[in-house]
Structure formats: structure tokens, C-alpha cells
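Take 281 as the starting number for the sequence shown in the working numbering and just add one per residue. Worksheet: the structure to be examined is printed underneath.
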Amino acid sequence: MPWNETTRKTPEELLAQVQHEARGKFKLFLGAAAGVGKTYRMLDEARIRKREGLDVVIGWIETHGRAETESSLAQSVEQMPMIPPRALPYKGTILQEMDLNAIIARQPQLVVVDELAHTNAAGSRNTKRYQDVFELLDAGINVYSAMNVQHLESLNNVVQQITGVQVRETVPDRVLERADEIELIDVSPAELIERLKAGKIYKPDRANAALQNFFRSGNLTALRELALRRAAGHVEQQLDAHRATEHITASWPAAERVMVCVTADPFSQKLIRSAARLALSMHGELWAVYVEQPGEATRRSTAAAHQLETNLSLARTLGAEVVALQERALAPALLVWAREHNVAHIVVGKGVRPRWQRIFRASVADDIVDGSGDIDVMVVTHKRHGTSLMDRVGESSAE
281 MPWNETTRKT PEELLAQVQH EARGKFKLFL GAAAGVGKTY RMLDEARIRK
331 REGLDVVIGW IETHGRAETE SSLAQSVEQM PMIPPRALPY KGTILQEMDL
381 NAIIARQPQL VVVDELAHTN AAGSRNTKRY QDVFELLDAG INVYSAMNVQ
431 HLESLNNVVQ QITGVQVRET VPDRVLERAD EIELIDVSPA ELIERLKAGK
481 IYKPDRANAA LQNFFRSGNL TALRELALRR AAGHVEQQLD AHRATEHITA
531 SWPAAERVMV CVTADPFSQK LIRSAARLAL SMHGELWAVY VEQPGEATRR
581 STAAAHQLET NLSLARTLGA EVVALQERAL APALLVWARE HNVAHIVVGK
631 GVRPRWQRIF RASVADDIVD GSGDIDVMVV THKRHGTSLM DRVGESSAE
């Protein structure tokens with residue numbers, strides 16, 4: 281099928297498309313840490329939308345006492361209204377929260393909502409602010425919001441291991457999945473530390489403590505990488521979703537993904553290293569995929585099981601994502617997975633076999649080459665003679 285060929289949508293798919301288009305659009309400004317400039321950038325873009333003629337309101341903004349953000353907010357409220365907060369009595373005091381009902385009643389085209397991971401005060405309709413945002417989107421209102429990567433629930437343990445700090449306010453990963461666009465506000469650790477020292481993020485006493493803890497250079501580098509990966513992953517998910525919606529099966533070269541076919545054969549280590557070099561040369565992603573056939577796990581010897589784990593461990597060490605498939609037919613399973621995940625290059629092994637074997641039965645590698653279509657296939661041949669796992673039917677998976 282040509283790369284741009286699509287098939288007719290089902291009624292269910294058309295309904296889902298209409299419902300999606302009726303919802304508001306969600307743009308998330310994502311950062312690695314406090315002070316990178318998420319709120320500042322969000323307000324700046326909101327003013328641009330206002331100048332373009334959109335009806336824009338401010339639902340909630342936290343300046344955290346930062347002069348640059350306060351200046352940006354002052355410019356913004358001159359151009360667009362700020363919805364007054366809702367007052368909630370709590371234990372003898374009055375707390376303020378975003379007035380969700382007032383925003384929905386106002387029906388702006390775009391609302392700015394800061395602090396996405398915030399926990400609402402008791403008495404609010406929703407426990408978390410991200411749930412308020414979901415309501416706004418369902419009401420057909422476009423939303424700009426902001427948060428740091430450490431607030432993702434799935435990264436909670438990772439962030440604690442990196443920084444020693446357990447983040448209390450988190451949001452589920454489906455918040456990222458709901459976003460129509462993610463803009464990464466990226467600042468180098470060195471620049472962020474300079475901002476901190478200059479008093480642009482916290483007051484001096486708090487800044488000094490932060491430099492010794494959360495804002496150590498190594499921590500910021502690790503958090504920055506997490507943010508970069510999540511932003512890149514979101515783009516890839518959107519591409520995959522578009523391909524699935526449009527029934528596009530041909531591989532697109534937008535993301536250079538390299539898939540290496542792994543088995544319990546020691547030769548797989550050579551394949552993995554070859555694939556890793558290929559992925560590195562293209563600044564691409566590496567995926568190590570092995571197929572386990574029915575009943576194979578019970579038949580596999582202790583030595584083979586150990587070798588398989590060694591191979592997969594090497595793949596992880598070299599930066600690969602490891603995927604295990606449960607299928608009977610090796611080549612079709614690998615090709616289906618490759619197309620579904622927009623793989624551009626497949627690295628596969630093939631043993632040297634006598635001519636009579638090649639005449640009567642094609643190897644898995646041959647089947648992959650024959651069915652690869654527009655996916656590039658690199659076949660690495662065993663130097664030793666004999667039958668490899670790749671050539672035998674009913675064995676491990678595919679090298």
C-alpha cells in the first residue's frame with residue numbers, strides 16, 4: 281500500500297472523530313524543574329492568541345513571587361480578563377480556588393490554567409485541578425496549562441531516586457495522552473542554576489537550600505532528560521495514533537526506529553551491537569524484539585534461558601527498549617510489530633546453510649526480507665556453518 285493511501289473510516293471511527301473535534305484543544309507547557317519559564321511562556325503565547333482575535337481569559341496563575349512572571353501577568357491582565365477565584369471556607373480560614381463554574385458559564389475560546397498538578401481545597405467539585413481542566417475541555421473550551429515532569433505519577437519513584445525528594449502532588453500519565461500539543465520549555469542546568477543564584481526563582485535562603493538538594497546539576501540533568509523523553513514520546517504517540525486512524529501501514533521515516541530481532545543464540549549479541557551502532561549513527565531509537573512461541577518457555581534449557589536474559593540485558597545496556605511477543609509465526613509477528621510501530625530498519629541474523637536447505641525452506645530472515653516492503657533490512661550472516669535458531673521451525677524466536 282502506498283504511504284499516503286488510506287481506507288474508508290467506519291461509522292464508529294467517524295463518530296469518535298466528531299467527538300474529538302468537538303472537545304477543546306489542550307496545550308501543555310512542560311518543564312524539567314521550577315523556574316524554567318513555563319508560566320512566562322504560557323502567558324506570552326496567550327497574549328499572542330488574544331492579539332489574533334481569540335476570546336482569552338485567565339483562570340488561574342501562580343507567580344510564586346517571581347518578578348519576571350509577575351511582570352508578564354501584569355501585561356496579560358491589561359489585555360484579557362482574569363476570572364475571579366472562588367472562596368472556600370476551610371478550618372476557620374478562607375482558601376481560594378479556580379472558579380470552574382464561572383469559566384464554563386463564560387465560555388471563552390481559550391483559558392489559561394496554571395499549576396496542573398494542584399490539589400483542590402476541600403469542598404471543590406473535583407479533587408485535582410487536572411480534572412477541572414478535563415471538564416473545561418469537555419465543555420469545548422481550549423486550555424493552556426503548565427507543569428513539571430516530576431509531577432507525573434509514573435515517574436514518582438524515579439524522581440525520588442534521582443533527587444531524594446518525594447513529590448506529593450502528581451497527575452496520571454493520561455494527562456499527557458490527553459494533550460493535543462506539548463511544548464517543552466527547555467533550559468540548561470547551568471542556566472537554571474544561574475537563575476537560582478540570581479534570585480529569579482526563590483528567595484536567597486530557600487535558593488541556597490535548593491542548590492544543595494533538588495537543584496544539584498546532576499539532578500537537573502536527569503530531570504531534563506526525563507522531560508525531553510516524555511515530550512518526544514508524546515510526538516511519537518501522536519504519529520502512531522494518526523497512522524492507526526488513517527489505516528496507514530507503510531513505514532514513515534519521521535522517526536528513525538531500529539528493530540533488532542533477538543533470540544537465545546549467543547550470536548544475537550553481535551546483532552544487538554550492530555543495531556545499536558546503526559541507531560546511534562542516525563540518532564534514532566533502538567528496540568530489541570523477541571518472539572516466544574507457544575510452549576517454548578517450558579522447552580527452553582537453563583543455559584538457553586540464561587543466554588536469552590544475557591542478550592536482553594545487553595540490549596537494555598545499549599539503550600534498547602525490550603519487547604516480548606507471544607506468537608506462533610515468527611516472521612509475520614515481527615513484521616506486524618515493525619509496521620505498527622513505524623520501524624524504519626530491521627536488523628536480523630541468518631545462518632549459513634547448505635544449498636538444498638535453502639531450496640526446500642526459506643529461513644525466517646528470508647521471510648522478513650520478502651515481506652519487509654519499504655522497511656530496510658540488514659541481514660547479518662553467521663560465519664559458522666550449521667543451522668541457527670533463525671533457520672529452525674518452532675525454536676526460540678528470530679535473530
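For every residue, glycine included, the Cβ atom is placed at its ideal position computed from N, Cα and C.
- The Cβ atoms of L598 and I626 do not sit closer than 8 Å to each other.
- Assignment of beta strand (DSSP E) within the stretch 302-353, counting only whole runs of 3 or more residues, yields 306-311 and 336-340 in chain order.
- Going by C-alpha positions, A555 is about 15 Å away from V603.
- Distance from the Cα of I442 is smallest, within the candidate group A313, A583, E589 and K305, for A313.
- Between the C-alpha atoms of L416 and A385 there is a straight-line separation of about 10 Å.
- Judged by DSSP in its simplified three-state form, Y410 adopts helix.
- The alpha carbon of Y410 has as its nearest neighbour, out of L390, L380, N437 and P388, the alpha carbon of L380.
- The beta carbon of M658 lies closer than 6 Å to those of V627 in the same chain, with the five residues before and after it left out.
- Counting along the chain, P484 sits inside the alpha helix (DSSP H) bounded by residues P484 to Q492.
- Going by DSSP, V423 is part of the beta strand (DSSP E) stretching over N422 to N428.
- Leaving aside the five residues that flank Y320 on each side, the residues in its chain whose CB is nearer than 7 Å to its CB run, in chain order, E348, T349 and S352.
- Per DSSP, E474 is one residue of the alpha helix (DSSP H) stretching across P469 to K477.
- In the DSSP annotation of this structure, V542 is not part of any alpha helix (DSSP H), being labelled neither H nor E.
- With respect to the 8 Å criterion, N622 and R509 are not classified as neighbours on the basis of their beta carbons.
- The continuous alpha helix (DSSP H) containing P612 extends over residues L610 to E620.
- Note that the stretch 383-402 touches the stretch 324-336; at least 3 beta-carbon pairs, one per stretch, sit closer than 8 Å.
- Of all C-beta pairs linking the stretch 446-453 to the stretch 474-481, fewer than three are shorter than 8 Å, placing the two stretches out of contact.
- I465 is positioned such that its CB atom lies closer than 8 Å to that of L310.
- Of the residues V451, V439, V423 and A544, the one whose Cα lies closest to the Cα of L432 is V451.
- Close CB contacts of E601 within its chain, under the 8 Å cut and outside five residues either way in sequence, are with E565, L566, W567 and A568 (chain order).
- Taking a C-beta distance under 8 Å as the contact criterion, Q359 and K330 qualify as a contact pair.
- The three-state reading of DSSP puts R405 in coil, since its state is none of H, G, I, E or B.
- Between D453 and R303, the C-beta spacing is not below 8 Å.
- When the beta-carbon positions are compared, G345 and L472 stay at least 8 Å from each other.
- If you draw a straight line from the Cα of W340 to the Cα of G372, it is about 24 Å long.
- The DSSP assignment places 576-579 and 582-597 as complete runs of the alpha helix (DSSP H) inside the stretch 551-601, in order along the chain (cut-off: 4 residues).
- For A385, the enclosing alpha helix (DSSP H) covers residues L380 to R386.
- One thing to note: M378 has its Cβ within 8 Å of the Cβ of D412.
- Counting along the chain, the unbroken alpha helix (DSSP H) around T443 starts and ends at N436 to T443.
- The C-alpha of A609 lies about 49 Å from the C-alpha of T399.
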